[in-house]
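Line order of the protein sequences matches chains H and S.
According to my numbering, the first sequence is numbered sequentially starting from 293.
According to my numbering, the second sequence is numbered sequentially starting from 6.
Every residue gets a Cβ at the ideal spot worked out from N, C-alpha and C, and that includes glycine.
Below: one structure, written as structure tokens.
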Amino acid sequence: MAGPCSLAALLWKLGPLLAMGEWGSPGLRGWDLAFGGARLSGWGNPGPRGTQASCAGNAALVLPPAEAPLVPLLLAELSGEGGVLPPGLLNVVTGTPCLRRALRAHTRIAAVTFLGARRRCRTWPGAPRAGDHSWEGPGGGRVVVIVLDSADLDSAAAAIAGSTGTPPALFPWGGCVVLVQEGVVAPLERRLRARLGGLRVGDPLDLGTDVGPLPPTAAPPKGVVQAACKEGAEVFQPPVTLPPGGRFYPPTLITGVAPTSRCLRELVPGPVLVLLPVRSPGEAVTVASGLPHVAAGAIWAQDVTLALDTADRLPLGLVWLNALNLLDPRGGCARGDGDGTSLEALREYGHPPWEPPLGLGNPPETLLDPELSLELVLGGPAVAPNSADVAAALEAARRVALGWSRLPASARARVLRGAAAALGGSGAAGPPPKGDDDDGDGDGRLRGALLRWAARVELLGGVVQEVPGGRALVTRRPLGVVGVAWSGPHPLRRALELLPPALALGNGLVVVAPPSGVGPALRLQQALVAAGLPGGALAVLPGGAGGDGATLARHHPDGLWLCGGGTDPDWASALSVTHVWVPGGVLGGPGQEPPPDAEWELELRCTRPRCLWVPGSGP
Amino acid sequence: MAGRNPGTELELGWISKVHVNRPAVVRHAEQIKKWRTVKGNWQAAWLLKAVTCIDLTTLSGDDTPSNVHRLCFKAKHPIREDLLKALDMHDNGITVGAVCVYPARVTDAVNALKAAGCNIPVASVAAGFPSGQTPLETKLAEIKLAVEYGAREIDIVISRSLVLTGQWERSDFIKTSTGKEVENATFPVGIVMMRAIREFYWQTGNKVGFKPAGGIRTAKEAITWLMLVKEELGVEWLTPELFRLGASSLLEDIEKQIFYHVTGSYALQHDLAMA
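Spelled out as structure tokens, the structure:
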């Protein structure tokens, strides 16, 4: 194969191209991207050089959706011409949906990535394996714009009208929801009407036009607009001339609707803007959090403190400040859920060296000692957790997790240190049960993990990317509530050591433990609560039978860690959860130290990125 | 000229409600430059429109009757006759919008324009141009004299010390700058002024004119200014009554572009009449 770095560059350029191709197809059906074939090296050192060198050794097999196969085919054709890519690196196969089953079952496919709306995953057979992931990606949502009363209304109106007309690759559905503070609704609406009237509808390739045609196979928004009219909303459509033929829709502004209206509950394709008045920045955040299908947000306000505070409260991965739809030219903030740096995006397509090689005919294995019998490993008869208990535990954890994550890092560190001290003091409680650990020092290692993560969380930072026109602050936020399915036929040893990083970084946890693990887990819980952890932030439920992962997934935690091996939940329930992880050797093998990059990996797995665009002094 | 701005009560509340986000405005200006470009015949048409809005200006210390005389004749025939004929615009009476000179030269300008048979207005700068740091009495005297000499428009320099201390005035037409500063008419500044004009129009119904001046040298910039006016204010503002480009060497560049459009080759120095 050609040099890894040039391949990396090529594939990296392809990545955003592949993502942008989604512009042509509606978000309802996705691409299936699979990476198989040889993996060159393992995980490099998590610096740009190393990742570049390692992650690009994949070959790809693309299954485009049935309605929009042309863009990927064109891409494949172009990559082949002139020898841009070596033959066999990018393959596009079109066909019927049953191809997916064949793809999934093929032994040489190492991992499958699903691009598109999650609900399409229900038709997928089989279970996700380590390394598989889905990427909601483009088409996953729209932008919500919050305009406060200290905003530059003209610039906000210009930016909103501009985004209505030319949706960038990120949000092919176009249009957005604008939440305006009551005092400035009328002036903003007036400006929006003036700007919408100036938009030109026509051929998207013509630089002089602003609004292109609707995405293919998307229903024209006429029905939604009519429903809005029936409810008494005001619909403004400037008198633009639509080009003949083709599927064009005039720019539309809908006011006087409520969050119950269809235009707010559904994703509306085309240049449709919905305006909603709110009374205060706090109310704007509440309404924005309650809207479905929101991928990113923008805040317009000249009062910098208020703007930053409101931005912080929005539960979105990507927020622009006094700007809209600015794209990092490297595609760094290219995902709707704002996946931080390009580094992390590349991570998705490689696998770390401590994991066994994926696919290639080997079923994924967790690291366990085959000598021990199942009974001994589980440490007792298996139990299935009560679904109601799981729901209650998750609910309690959610209530508490927000406050826990809002505490300053030093407060959380203090709790962890206190728990470590408490655990150390409980050595008199007797030796840990057999079969629980390799060298019997589970408590010692757990203490070490607590102390390490207490120290680490105090130094947690982010990344600042300088981009033309400003900078993007990429910080990490906790996932929320993580469900840990520790039980199963092959429970991962030392899974308790996964809990300190999750808690330190501000998550709540609901752990379904095998009978042998319930004791140590409860001890850990007691130590933490004694040190100050809010009650409910860490819940331990007994389990051990298979299917615990599915039980947890059904209640939609923010993250799902499958530490039990074997029976995994099927795609449908797993992919209703955003972050599914099958931790393997990240904690080190039996009797070994964890690998050097493990802490960084854990940090990434316990958090999700949050990108805040702050405009600078401009060009 | 547009109707006089009857004015309103000075509403300081309006001024305090204005919020401008500078980076967003700068970004918008950059985008307009890229998105709104015209080519071919359309470009020629926009250039001719720009010509009709030019305030052909000479504000040098060494202005004498002879160069003012030359300027006024150029004002009457800004584009070479045969070029206009090729565009079929020779019958449209294309002249510049006005001629702008110092008060001492207003008489010469008025006489020259009369000799050329042209009724475009003579605009005079006044009120201690360019610094504005002269007493109010001399400013008023200057304006009175300029009007007596025959100027139909006056470019008044506002007293920046009053502005910087928050004491505002009102006017019929607002001009970005004297053209004599280091940084004159930039697009972000123009955008902000135009938005203020539109807001004033929405509040009072009175249309105030706009004139960017200083640093506008190329035809491309002129077209961008016209595009901005169209975008921010609307087509009604694209007339000499409400929009002027304060420029001296701009006309030369526009004429060169039109020459290229008509003949396909670049003009040499002797091809185009000097202003």
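Here H:G609 really is in contact with H:R900; their C-beta atoms are around 7 Å apart, less than 8 Å. Chain-ordered, the chain S residues with CB closer than 8 Å to the CB of H:N614 read N26, P28, A29.
Take H:A819, set aside five residues on each side of it, and the residues of its chain with a beta-carbon closer than 6 Å to its own are A711, A714, L715, in chain order. Listed by position along chain H, the residues whose Cβ is nearer than 9 Å to that of S:H275 form an empty set, because the closest Cβ is around 37 Å away. Below the 8 Å Cβ cutoff, chain H contributes G490 as neighbours of S:E236, in chain order.
Taking 8 Å as the threshold, the shortest C-beta distance from H:G457 to chain S does not fall below it. Using a CB distance below 7 Å, the part of the region 588-614 of chain H facing chain S consists of Q594, N614, ordered along the chain. If you compare the alpha carbons of H:T552, H:G372, H:L366 with that of H:T386, the shortest gap goes to H:L366.
Per DSSP, the continuous beta strand (DSSP E) segment holding H:R769 begins and ends at 762-770.
When C-beta atoms of the region 226-236 of chain S are compared with those of the region 29-37 of chain S, three or more pairs fall below 8 Å, so the two segments count as touching. For S:N26, the three-state secondary structure derived from DSSP is coil. Chain-ordered, the chain H residues with CB closer than 8 Å to the CB of S:W207 read R482. Proximity of S:H82 to chain H, defined by a Cβ-Cβ separation below 8 Å, is not satisfied. Linking H:L904 to H:V756 through their CA atoms gives a straight-line distance of about 10 Å.
Distance between S:T57 and S:I221, taken at the CA atoms: about 15 Å. In the displayed model, S:G251 falls within a strand according to three-state DSSP.
With fewer than 16 other Cβ atoms from the protein chains shown falling within 10 Å of its own Cβ, H:A511 counts as exposed.
Measuring C-alpha to C-alpha distances from H:V436 to each of H:L616, H:T501, H:C390, H:P770 identifies H:L616 as the nearest. Straight across, the Cα-Cα distance linking H:S697 with H:L801 is about 12 Å. DSSP places H:R815 in the uninterrupted alpha helix (DSSP H) bounded by 807-823. Residue environment analysis places H:R815 among the buried positions, since at least 16 neighbouring C-beta atoms fall within 10 angstroms of its C-beta.
Interface annotation, S:W40: in contact with chain H, CB-CB separation under 8 Å. For S:G45, the enclosing alpha helix (DSSP H) stretches over residues 45-57. Excluding sequence positions up to five before and after H:E523, its CB lies within less than 7 Å of the CB of V549, S553, all in the same chain and listed in chain order. Put simply, the CB of S:H33 is near chain H, with a gap under 8 Å to one of its CB atoms.
Pairing H:D446 with H:A590, the inter-Cα distance amounts to about 15 Å. Contact with chain S is absent for H:S572, since none of that chain's Cβ atoms lies less than 8 Å from the residue's Cβ. Counting only Cβ-Cβ distances below 8 Å, H:L816 has no contacts in chain S at all, with the closest Cβ about 49 Å away. Per DSSP, reduced to three states, the secondary structure at S:Q138 is coil, with no helix or strand assignment. Relative to the Cα of S:A131, the nearest Cα in the group S:C123, S:E142, S:A121 belongs to S:E142. Ranking S:A280, S:S129, S:E260 by CA distance to the CA of S:A50 puts S:E260 first. Nearest in C-alpha terms to H:A587, of all of H:L825, H:P607, H:A576, H:V776, is H:P607. Within chain H, the residues D446 have their CB atoms less than 8 Å from the CB of S:R200, given in chain order. Contacts between H:G762 and chain S, judged by CB atoms closer than 8 Å, involve P28 in chain order. Scanning the region 149-186 of chain S from its first residue to its last, the whole beta strand (DSSP E) runs of 3-plus residues come out as 158-161, 178-180.
Excluding residues up to 5 positions away in sequence, V804, D840, G841, L844, L854, G856 lie with their Cβ nearer than 6 Å to the Cβ of H:A777 in the same chain.
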